[in-house]
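J.:
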Amino acid sequence: MAATNAVFWTGRDSKWDGSETMMVRSRSLCTSLLSKSRIRPLSGSSFQTMIVTLQGIKAMRELIESLINDKYGLTVALPTVFFPLAVLGLFRLAAVLWLSDDYGYMDVDAREDTLETLTPSRTFSETVSYSSEARLLHLSDALMSVKRYPQYLLRTALVALLFLARLAAYLVLAASLFLPTGSNVNFFAATTFSLNLFYPYFLFLTLVIVLMHILQGHNSTVLSALDILWYKIYTFSLYILASAIMIIAALETGRTPCGYYTTLPLYLRTDSYICMKNEANFN
Numbered sequence: 036m037a038a039t040n041a042v043f044w045t046g047r048d049s050k051w052d053g054s055e056t057m058m059v060r061s062r063s064l065c066t067s068l069l070s071k072s073r074i075r076p077l078s079g080s081s082f083q084t085m086i087v088t089l090q091g092i093k094a095m096r097e098l099i100e101s102l103i104n105d106k107y108g109l110t111v112a113l114p115t116v117f118f119p120l121a122v123l124g125l126f127r128l129a130a131v132l133w134l135s136d137d138y139g140y141m142d143v144d145a146r147e148d149t150l151e152t153l154t155p156s157r158t159f160s161e162t163v164s165y166s167s168e169a170r171l172l173h174l175s176d177a178l179m180s181v182k183r184y185p186q187y188l189l190r191t192a193l194v195a196l197l198f199l200a201r202l203a204a205y206l207v208l209a210a211s212l213f214l215p216t217g218s219n220v221n222f223f224a225a226t227t228f229s230l231n232l233f234y235p236y237f238l239f240l241t242l243v244i245v246l247m248h249i250l251q252g253h254n255s256t257v258l259s260a261l262d263i264l265w266y267k268i269y270t271f272s273l274y275i276l277a278s279a280i281m282i283i284a285a286l287e288t289g290r291t292p293c294g295y296y297t298t299l300p301l302y303l304r305t306d307s308y309i310c311m312k313n314e315a316n317f318n
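Numbered per my numbering, the sequence shown spans residues 36 to 318.
(1) Is it buried or exposed for Gly294, if we count other Cβ within 10 angstroms and need 16 for buried?
(2) Tell me whether the beta-carbon of Ser259 lies closer than 8 Å to the beta-carbon of Gly53.
(3) Using beta-carbon positions only, say whether Ala41 and Tyr138 come within less than 8 Å of one another.
(4) Between Val245, Phe118, Leu125 and Thr305, which has its C-alpha nearest Phe233's C-alpha?
(5) By the DSSP assignment, the alpha helix (DSSP H) with Trp265 in it spans what residues?
(6) Under 8 Å between the Cβ atoms of Leu113 and Thr288?
(7) According to the Cβ coordinates, are Leu238 and Leu197 closer than 8 Å?
(8) With Thr45 as the anchor, note down where its beta strand (DSSP E) starts and where it stops.
(9) Okay, do the segment 75-91 and the segment 121-130 touch, 3+ Cβ pairs below 8 Å being the bar?
(10) Mind checking Val111: buried by the 16 CB within 10 Å criterion, or exposed?
(11) Start and end of the alpha helix (DSSP H) containing Tyr138?
(12) Which residue or residues does DSSP assign as beta-bridge partners of Cys293?
(13) Taking Cβ to Cβ, would you say Ile370 is nearer than 8 Å to Ala225?
(14) For Ala200 versus Ile249, is the C-beta spacing smaller than 8 Å?
(15) Which residues bound the alpha helix (DSSP H) around Asn231?
(16) Quick one, are the C-beta atoms of Met141 and Thr56 less than 8 Å apart?
(17) Mapping DSSP to helix, strand and coil, what is Thr256?
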């Protein structure tokens, strides 16, 4: 469980490794083991999950309510542009019992022949001498035996299917926002238009990447495309687009007399309509 939550950097291959083989090889380097195979109800991991879940539920409620009440596009503003990302935090609920950071590993420094005891956040370290011979003994592939499990068990296939189904559902929802209905037809600002391009782009390529990872039979917790050039370009493009959206939203965001934020331009004179729409839905 600790190795499943950890991500290992292999200096020899210069890449991140989350495979089952690495999980077994890392056992002798674990300095802080979890007492149970499930997280404790009162722990930092449980608290983090609670916060992420509440944020996701709030964002989901706001998005669904805006669609049902025909408000989408009216109150999109800087504080809400990344609400859909908070909704994606609900993905962790499927693995909530096994998500933990209450563990520690020794970091093998090949240059100085030392081991550093590090927490996942690398906030604490204790260096001890460690010979090259002993290090090779711990990390020798010949001494490691991985217990192989069938990759396509019913449970595994079901989990993968549910994960992909939820991702596809979010993609359909994001794409549907690009086809506004009702009053939204005339109320699309540059911020809203940018968001309606960003999220389908992000979700579609994420769905393709995860689907490829699953179909290729990879058993690593790290995406197989992580070290590929096109994936790095894709990730960089997301940062650029997200930064551009923040700038656009910051420039367009204004406050209506009733306290609601919007990115709609002033010349449309929609303040009274936005206030009336929100007050009607609130009552």
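Quick reminder that beta carbons are idealized off the backbone N, C-alpha and C, glycines included.
T.: Reading off the structure:
(1) Exposed.
(2) Contact: no.
(3) yes
(4) Phe118
(5) Leu264 to Glu287
(6) yes
(7) no
(8) Phe43 to Thr45
(9) yes
(10) buried
(11) From DSSP, Tyr138 is part of no alpha helix (DSSP H); its letter is neither H nor E.
(12) Cys293 is not bridged to any residue.
(13) The question about residue 370 has no answer here: the residues shown for the chain are numbered 36 through 318.
(14) no
(15) Ala225 to Leu250
(16) no
(17) Under the three-state reduction of DSSP output, Thr256 falls in the coil class, being neither helix nor strand.
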